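Take a look at the structure below.
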Amino acid sequence: MVDVTVRGAGIFGLSIAWTCTRRGARVRVVDPHGPGAGSSGGLVGALAPHVPENWNEKKAFQLDSLLMAERFWREVETAGGVSAGYARLGRVQPVADAGLALARQRAETARELWRGEAAWRVIPEAEAGPFCPVSPSGFVIHDTLSARMHPRRACAALVAALRAIGAEIVEAAEDAGRVVHATGVAGLEALNAGRARVVGTGVKGQAALLRFDAGEVPQVFAEAVHIVPHADGTVAVGSTSERDFNDPVSTDAQLDAVIDRAVAAMPVLHGAEVIERWAGVRPRSRSRAPMLGAHPLHEGQFIANGGFKIGFGMAPKVAEVMADLLLEGRDAIPEGFRPDASL
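Be aware that the sequence shown starts at -6, since it is given in my numbering, and climbs by one per residue.
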């Protein structure tokens, strides 16, 4: 007997399965390629907020999710005994002279919009600690909302937790109970078929893992690159955003350029060994927001797709609202997240 079938074992599918199982549902996750086989099996893991201004339902939803994350991942790790590499250590960003006034203004809006749960500060570079980017103004933005995790390990932690509390994870099975499709790029391509305009598309990203033990320090965003120190003594850097590509899993000179920019921003990384190069295709909905709710193609079924660059950060809240819908019929999905917003 199965109450919920989740199709897709990426971060959205696994998180929804976890939350539904925790609420007492009998859950089966189905993915022919196995857990974390797509873009959720990446390297970077920068759980970072949007800037605290021009507030909207997407930013509010993301804030709730980032604030939920510590408890979410602690419970996952406790259940399965596998670490996701999660830590809310904040983020540091360099500021140009011309951007100082705006950065300080955002500190004021963060105080209001983040409800006192986190801070956005402009501080002298010297106060930011040893893992700090070169800043042209001598100042950096330090926010305390950003967190890091290792995406691949996070998927493994969810798999271990799900199995520990009785959920199934299989490569093939018939639909049973309520069905939610969290199938990433393949699901968006199925929605695109026969439509006059594109509902969503895949955007390729390339990232690298460097052997460098930075310790428990904030991540860095500089030179348009995320630089994320992980708990295992590595630093992830990435990523590209490629609309046009021939091979979805190959890496090339574009990744070399990302690594070069990371080292330019953080000279301490000079000479660090590149131990892995990774590429994958992330699902981006036309609206750029997650696509949640009733499935446009499968009557009586549901969809959770379009996480793109914010899927891991959004996952705890996505899992909550989808479990509300699947198990209780309670619809708390923001209007801009409904499939109609991208159709």
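Ideal placement from N, C-alpha and C gives every residue a C-beta, glycine not left out. Note that the coordinates shown come from a computational prediction; the quantities given were computed from them, not determined experimentally.
So, does the stretch 84 to 96 touch the stretch 180 to 193, judging by three or more C-beta pairs under 8 Å? no
With C-beta atoms as the reference, is residue 272 less than 8 Å away from residue 244? yes
Using CA atoms only, rank isn't needed, just tell me which of 263, 328, 215, 162 is closest to residue 1. 162
Would residue 338 pass as a contact of residue 22 if the rule is Cβ separation under 8 Å? Residue 338 lies beyond the stretch modelled for the chain, which goes from -6 to 336, so this question has no answer here.
Skipping 5 residues on each side, what residues in its chain have a beta carbon closer than 7 Å to that of residue 170? -5, -4, -3, -2
Residues near residue 165 in its chain [Cβ-Cβ closer than 8 Å; skip 5 each side]: 23, 25
For residue 138, the three-state DSSP class (helix, strand or coil): coil
Whole-angstrom Cβ separation of residue 344 and residue 39, contact assumed at under 8 Å? The structure shown does not extend to residue 344, since the chain spans only -6 to 336, so no value can be given for it.
So the candidates are 133, 119, 128, 122; which of them puts its Cα closest to the Cα of residue 113? 133
Mind checking which residues open and close the alpha helix (DSSP H) that includes residue 177? 177 to 185
Helix, strand or coil at residue 294 according to DSSP, with G and I counted as helix: Coil.
As a quick exercise: from 224, 3, 285, pick the residue whose alpha carbon is nearest that of residue 345. Since the displayed the chain opens at -6 and closes at 336, residue 345 lies outside it and no answer follows.
Through-space distance from residue 127 to residue 110, alpha-carbon basis: 28 Å
Rounding to the nearest angstrom, what Cα-Cα distance links residue 58 and residue 317 in this structure? 15 Å
Which runs of the alpha helix (DSSP H) fall wholly inside the stretch 75 to 130 and span at least 4 residues, in chain order? 93 to 106
What are the start and end residues of the beta strand (DSSP E) that includes residue 271? 266 to 278
By the three-class DSSP mapping on this structure, what secondary structure does residue 17 have? coil
In whole angstroms, what is the alpha-carbon distance linking residue 190 and residue 294? 23 Å
Starting from residue 161, trace the beta strand (DSSP E) in both directions and tell me its first and last residue. 161 to 163
List, from N- to C-terminal side, the alpha helix (DSSP H) runs of 4 residues or more that fit wholly inside the stretch 226 to 268. 246 to 258
For the alpha helix (DSSP H) that residue 52 lies in, which residues bound it at each end? 50 to 73
Straight-line gap, residue 150 to residue 90 (C-alpha atoms, nearest Å): 42 Å
Going by Cα to Cα distance, which pick from 51, 145, 45, 202 is closest to residue 232? 202
According to DSSP, which residues form a beta bridge with residue 314? Paired residues: none, contrary to the question.
Kindly indicate which residue of 280, 289, 321 has the alpha-carbon position closest to the one of residue 327. 280
In the DSSP output, what is residue -2 paired with across the bridge? 21, 172
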